[in-house]
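Residue numbers (the numbering used here): 4 to 46.
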């Protein structure tokens, strides 16, 4: 269940969670891309 809140004291935590999520996604994408590059260059 999603909790909706307009409490400004939670905004910094929400921003931190979103930023961390973007870092995880970007890192995962780079790992997948790099591993794909290595395998295609060996073949």
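Even glycine gets a Cβ: it sits at the ideal position worked out from N, Cα and C.
DSSP places residue 20 within a helical segment (H, G or I) once states are collapsed to three. The alpha-carbon of residue 15 is positioned some 37 angstroms away from that of residue 40. DSSP, reduced to helix, strand and coil, places residue 8 outside both helices and strands of the structure shown, so it counts as coil.
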